[in-house]
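Protein chains: 2
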Amino acid sequence: MAYRIPESKYELIQSTLNNSEYKAKLTRILSEMSASELAFLMENSPPQERKIIWDLIQLDAEGEVLGELDESLREQLLFDMNPEEISLAISDLEADDLADILQSLPEKITNEVLSLMNSRDRGRVENVLDFSEETAGGLMNTDIITVRADNTIELVSRYLRFLKNIPQNTDDIYVVTKNDEYLGILPITKILTSEQNLTVREVMDTEFQPIFSSLNQIDVYNLFKNKDLFSAPVIDENNKLLGRITVDDIIDIAVDEVEQDFIGLTQIEDDIFASPKKTISSRLIWLSINLGTAIMASYAISFFTEILDQIIYAAVLMPIVASMGGIAATQTLGIYIRAEALRKLNNKSKTYLFKREFIVSIANAIFFSSAIFLITNFWFDNFQLSLAISGAMIINLIAAAIFGFLVPSLLRKFGYDPAISGGVVITTVTDILGFVSFLGIITILIT
Amino acid sequence: MAYRIPESKYELIQSTLNNSEYKAKLTRILSEMSASELAFLMENSPPQERKIIWDLIQLDAEGEVLGELDESLREQLLFDMNPEEISLAISDLEADDLADILQSLPEKITNEVLSLMNSRDRGRVENVLDFSEETAGGLMNTDIITVRADNTIELVSRYLRFLKNIPQNTDDIYVVTKNDEYLGILPITKILTSEQNLTVREVMDTEFQPIFSSLNQIDVYNLFKNKDLFSAPVIDENNKLLGRITVDDIIDIAVDEVEQDFIGLTQIEDDIFASPKKTISSRLIWLSINLGTAIMASYAISFFTEILDQIIYAAVLMPIVASMGGIAATQTLGIYIRAEALRKLNNKSKTYLFKREFIVSIANAIFFSSAIFLITNFWFDNFQLSLAISGAMIINLIAAAIFGFLVPSLLRKFGYDPAISGGVVITTVTDILGFVSFLGIITILIT
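Protein chains in written order, with our numbering: chain A, 1 to 447; chain B, 448 to 894.
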């Protein structure tokens with residue numbers, strides 16, 4: 001169990017769900033939980049329980065829970081709500097969460113929801129809606145405090161005391177010109193520790209690099225991680241201050257990115273606890289594609305029935321080369337995907353990796369072709385068979401490295417995600433090549 | 448290219464590396480870069496360039512770079528340094544980074560380095576060294592500011608002004624008894640916005656739950672993510688305040704966890720840019736294990752040479768069932784690993800997932816056994832062959848779901864990581880079962 005919900009509370013909810021008079025009790029328990037606890041509970045419950053829990057959550061709490069949920073589950077829940085419900089539920093959210101939710105709706109519904117919102121909320125969200133979800137602009141919030149450079153620290157202190165409610169997680173306030181152009185940051189701690197009669201200009205930090213609203217979210221994540229930031233200001237291309245990003249908005253960007261690759265490579269669905277129905281349809285697609293490629297491999301084998309008839313041991317050994325090639329290719333593909341996910345690929349490093357994978361494949365080819373030669377010769381005492389499998393091993397292991405690297409590069413070039421389609425393509429190649437090279441070499445050696 | 452290093456700077460470094468008179472110029476460029484930029488550069492450079500760059504980094508900057516590096520590269524560099532160099536390099540680090548580095552050294556070297564450090568540094572680090580790297584205690588820093596509850600806010604303000612240097616990323620200070628027992632947090636913003644004559648007791652937040660030093664790091668991450676925290680106090684079991692964790696120390700915990708699973712499943716090495724030599728040895732191990740399992744599968748086939756001799760088309764179709772089972776089992780394993788990585792597995796959800804995977808496998812079995820029956824019958828016009836492959840498909844797809852779930856559970860129970868060994872074990876099972884069930888059923892039907 002994760003920390004998020006104390007074990008006892010979780011068990012209480014579970015036992016209440018199984019109780020016939022649960023409703024009143026469960027409603028009370030749920031109403032005392034925070035939005036993120038509720039989101040966690042929803043994500044980690046099977047579909048039927050999700051439905052019960054969701055129905056019992058108050059409408060005014062639903063928005064915040066939606067804001068905290070994984071994307072796939074959120075979309076599923078939004079799908080069942082009408083525009084009025086949505087606009088009521090989400091009106092209290094922060095601008096970035098609001099925009100995320102609106103962006104996951106069909107455009108028609110988004111416009112309906114927008115028209116139902118009051119003008120203050122609409123204004124807030126339209127600022128953020130202009131930016132893609134994947135950029136700094138889409139991640140930012142507009143709850144910033146700004147001051148002018150020629151004010152004194154004392155005046156700023158009084159202003160903050162007057163505001164009373166400083167937005168959650170404010171560690172810096174921002175210094176701007178009268179046209180809202182960004183000048184620098186003023187850390188809250190500096191306000192406390194500086195002489196009160198100094199001006200903001202004398203105290204502010206102008207070294208801090210603000211983030212452009214167009215910056216990709218992975219780069220935003222890297223920047224935060226790299227510089228140990230809690231928050232950062234976001235500007236447009238004219239240096240105008242637009243908002244700020246806080247670390248809590250970007251904390252799961254990298255894990256989501258890597259998870260997507262993991263999901264792609266294992267060919268599973270986004271939502272771990274998806275219903276059987278949803279799971280069946282997503283798996284069916286993948287397995288069907290794989291059935292197609294397996295049949296292609298069988299078709300390749302069918303050209304060699306004559307030689308198989310002659311040496312039946314070839315059929316026994318046949319899967320080995322294909323399987324080794326598949327593993328080796330997946331290793332190279334894995335390196336490519338991993339390097340790409342966290343943006344570690346550039347021309348220089350690509351060249352290095354390709355060269356290295358090639359060298360590694362030569363070493364593998366030498367080692368495993370020798371090993372399989374000796375094993376086959378010991379097992380079947382047949383020189384030609386041993387030579388054929390050994391030669392096929394060399395071809396397939398080297399091809400595995402080349403295709404394991406070229407296939408994802410090409411897929412990316414043509415706009416496909418190698419993490420999703422790469423595995424199927426390269427194992428098809430190594431399977432077919434494994435069978436054809438082995439059976440082909442025997443045919444040449446024997447006939 | 449990632450944001451971390453501007454493209455122009457990166458290219459400058461690359462071109463300088465290829466220049467024969469690079470040394471002076473490169474040293475200057477490197478001396479102007481931050482530790483995290485240097486760490487990023489090191490991680491994303493091939494081994495030879497890494498060595499050149501590392502040699503040119505000043506000793507007093509090396510510590511901070513070590514603190515920022517990925518674990519595997521850090522260990523590699525530390526391996527080549529002697530205890531004196533290490534103690535000099537790391538003396539300026541924060542306690543948690545210091546402890547991380549010391550914990551990655553062999554115990555003998557750790558003790559030597561500790562004995563070479565001055566007593567202040569030693570004291571700082573020994574507090575953290577008592578805790579496992581994987582717990583809140585191992586993540587925390589001791590750079591906290593504490594105040595007493597009966598002081599006035601005004602006194603606290605004056606105290607902070609007197610301190611002048613507030614530790615980086617301080618958003619809260621902590622309220623303790625005279626025995627350092629934790630009472631609550633006092634956000635810096637509260638100090639600014641509260642009446643100055645109130646006492647700390649009247650202003651502090653006592654609702655905030657501190658973190659126990661023994662809490663697992665994934666739970667710490669979930670807690671920060673869940674509650675949008677920037678920092679949190681750490682206490683021991685006697686409620687004594689030990690230190691604090693800031694969000695920058697935990698930001699990559701989840702991505703590391705998921706990455707480890709990805710690395711395990713694709714059977715690749717930790718360090719993307721590892722040298723060919725290192726890569727060869729790590730891949731060799733995996734490929735050897737896979738050669739072993741492929742030979743086991745061939746051995747299983749060898750019992751059926753008689754039937755293969757009779758119906759050579761069985762050899763042609765043989766790989767299909769095994770391959771489909773492998774894919775289906777990897778899907779179920781992927782779900783298990785993903786759920787486990789982010790601690791979404793408990794008894795309840797395990798039961799749900801197992802049931803769902805079982806239901807999905809029945810649906811898959813029905814669909815794909817029918818499909819392959821029709822395809823085989825159309826292709827070879829052989830009823831018995833079609834019936835055999837269709838029956839084998841049912842057996843293998845259902846077995847794939849059962850083993851795809853049970854194997855990782857059992858591996859975990861016996862202390863193995865299913866992300867590392869799970870894939871090999873289940874594909875061995877589905878390969879052998881695929882071949883044996885198909886060839887076995889034909890044998891029964893025909894002889």
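Beta carbons: idealized from backbone N, C-alpha and C, even for Gly.
Assuming residue i contacts residue j under a Cβ cut-off of 8 Å, what Cβ separation, rounded to an integer in Å, is found between them?
i, j, result
"residue 136/A", "residue 231/A", "12 Å between Cβ atoms; not a contact."
"residue 731/B", "residue 367/A", "7 Å"
"residue 337/A", "residue 261/A", "5 Å"
"residue 738/B", "residue 363/A", "Rounded, the Cβ-Cβ distance is 15 Å, inconsistent with contact."
"residue 176/A", "residue 185/A", "About 11 Å; that fails the 8 Å criterion."
"residue 188/A", "residue 173/A", "7 Å"
Helix, strand or coil: which one does DSSP assign to residue i?
i, result
"residue 355/A", "helix"
"residue 464/B", "helix"
"residue 584/B", "helix"
"residue 414/A", "coil"
"residue 111/A", "helix"
"residue 827/B", "helix"
"residue 437/A", "helix"
"residue 541/B", "coil"
"residue 450/B", "Unreliable placement is indicated for residue 450/B, whose pLDDT of 40 sits below 50; the coordinate value is still reported in the next sentence. Correct three-state label for residue 450/B: coil."
"residue 333/A", "helix"
"residue 284/A", "helix"
"residue 840/B", "helix"
"residue 132/A", "coil"
"residue 442/A", "helix"
"residue 126/A", "helix"
"residue 792/B", "coil"
"residue 309/A", "helix"
"residue 875/B", "helix"
"residue 749/B", "helix"
"residue 34/A", "coil"
"residue 118/A", "coil"
"residue 589/B", "coil"
"residue 894/B", "coil"
Between residue i and the rest of its own chain, which residues show a CB-CB distance below 7 Å, the 5 nearest in sequence each way excluded?
i, result
"residue 289/A", "424"
"residue 578/B", "584, 585 and 660"
"residue 795/B", "none"
"residue 690/B", "587, 588, 589, 591 and 681"
"residue 436/A", "300"
Leaving out five residues on either side along the sequence, give the residues of the same chain with a beta carbon under 8 Å from the beta carbon of residue i.
i, result
"residue 4/A", "Only weak support is given to the placement of residue 4/A: the predicted model assigns it a pLDDT of 48, under 50, and the question is left unresolved by the model."
"residue 45/A", "53 and 273"
"residue 129/A", "99, 102 and 103"
Only counting the same chain, and skipping five residues up and downstream in sequence, which positions put a Cβ closer than 6 Å to that of residue i?
i, result
"residue 648/B", "596"
"residue 67/A", "93 and 97"
"residue 431/A", "297 and 322"
"residue 449/B", "In this prediction, residue 449/B has a pLDDT of 35, which is less than 50 and means its spatial position is unreliable; what the coordinates show is noted afterwards. So the list is empty, once near-sequence residues are dropped."
"residue 380/A", "313"
"residue 637/B", "650"
"residue 358/A", "401"
"residue 21/A", "none"
"residue 429/A", "403"
How would you list, in chain order, the residues of chain C whose beta-carbon sits under 9 Å from the beta-carbon of residue i?
i, result
"residue 727/B", "The chain inventory of the structure shown lacks chain C, comprising the protein chains A and B."
Contained alpha helix (DSSP H) runs [length at least 4] in the region 645-723 of chain B, N- to C-terminal order: Considered as a whole, the region 645-723 of chain B harbours 647-650, 664-674, 694-697 and 700-713 as its complete alpha helix (DSSP H) runs of no fewer than 4 residues, in chain order.
Entirely enclosed beta strand (DSSP E) segments - the region 592-650 of chain B, minimum 3 residues: Restricting attention to beta strand (DSSP E) runs no shorter than 3 residues, the region 592-650 of chain B encloses them at 619-623 and 629-634, ordered along the chain.
Interface residues of the region 659-674 of chain B facing chain A [CB-CB below 9 Å]: For the region 659-674 of chain B, the residues whose beta carbon sits under 9 Å from a beta carbon of chain A are, in order, 662, 663, 665, 666, 667, 668, 669, 670, 671, 672, 673 and 674.
Interface residues of the region 791-816 of chain B facing chain A [CB-CB below 7 Å]: Hits within the stretch, in order: 791, 793, 795, 796, 799, 803, 806, 807, 810, 811, 814 and 815.
Chain B contacts from the region 318-334 of chain A (Cβ-Cβ distance under 8 Å): Cβ contacts with chain B: 318, 319, 320, 322, 323, 324, 327, 328, 330, 331, 333 and 334.
Inside the region 485-553 of chain B only - alpha helix (DSSP H) runs reaching at least 4 residues: As far as the region 485-553 of chain B is concerned, its whole alpha helix (DSSP H) runs of at least 4 residues are 494-503, 506-515, 518-526, 530-537 and 542-550.
Residues, ordered as in the chain, of the region 169-201 of chain A that lie near chain B by beta-carbon distance below 7 Å: Flagged, chain order: 169, 170, 171, 188, 189, 191, 192 and 193.
Selection of the region 688-709 of chain B by Cβ proximity to chain A, strictly under 7 Å: Listed in sequence order: 694, 695, 698, 699, 701, 702, 705, 706, 708 and 709.
Members of the region 480-500 of chain B near chain A, C-beta cut-off 8 Å: 481, 483, 484, 487, 490, 491, 492 and 493: these are the residues of the region 480-500 of chain B whose beta carbon lies less than 8 Å from some beta carbon of chain A, given in chain order.
Against chain B: residues of the region 300-313 of chain A by CB proximity under 8 Å: Legend: CB atoms of the region 300-313 of chain A lying less than 8 Å from CB atoms of chain B belong to residues 301, 302, 305, 308, 309, 312 and 313.
Interface residues of the region 137-162 of chain A facing chain B [CB-CB below 8 Å]: Those residues of the region 137-162 of chain A that come within reach of chain B (Cβ to Cβ, closer than 8 Å) are 157, 160 and 161.
Within 8 Å of chain B by C-beta, residues of the region 410-427 of chain A in sequence order: So nothing in the stretch comes that close.
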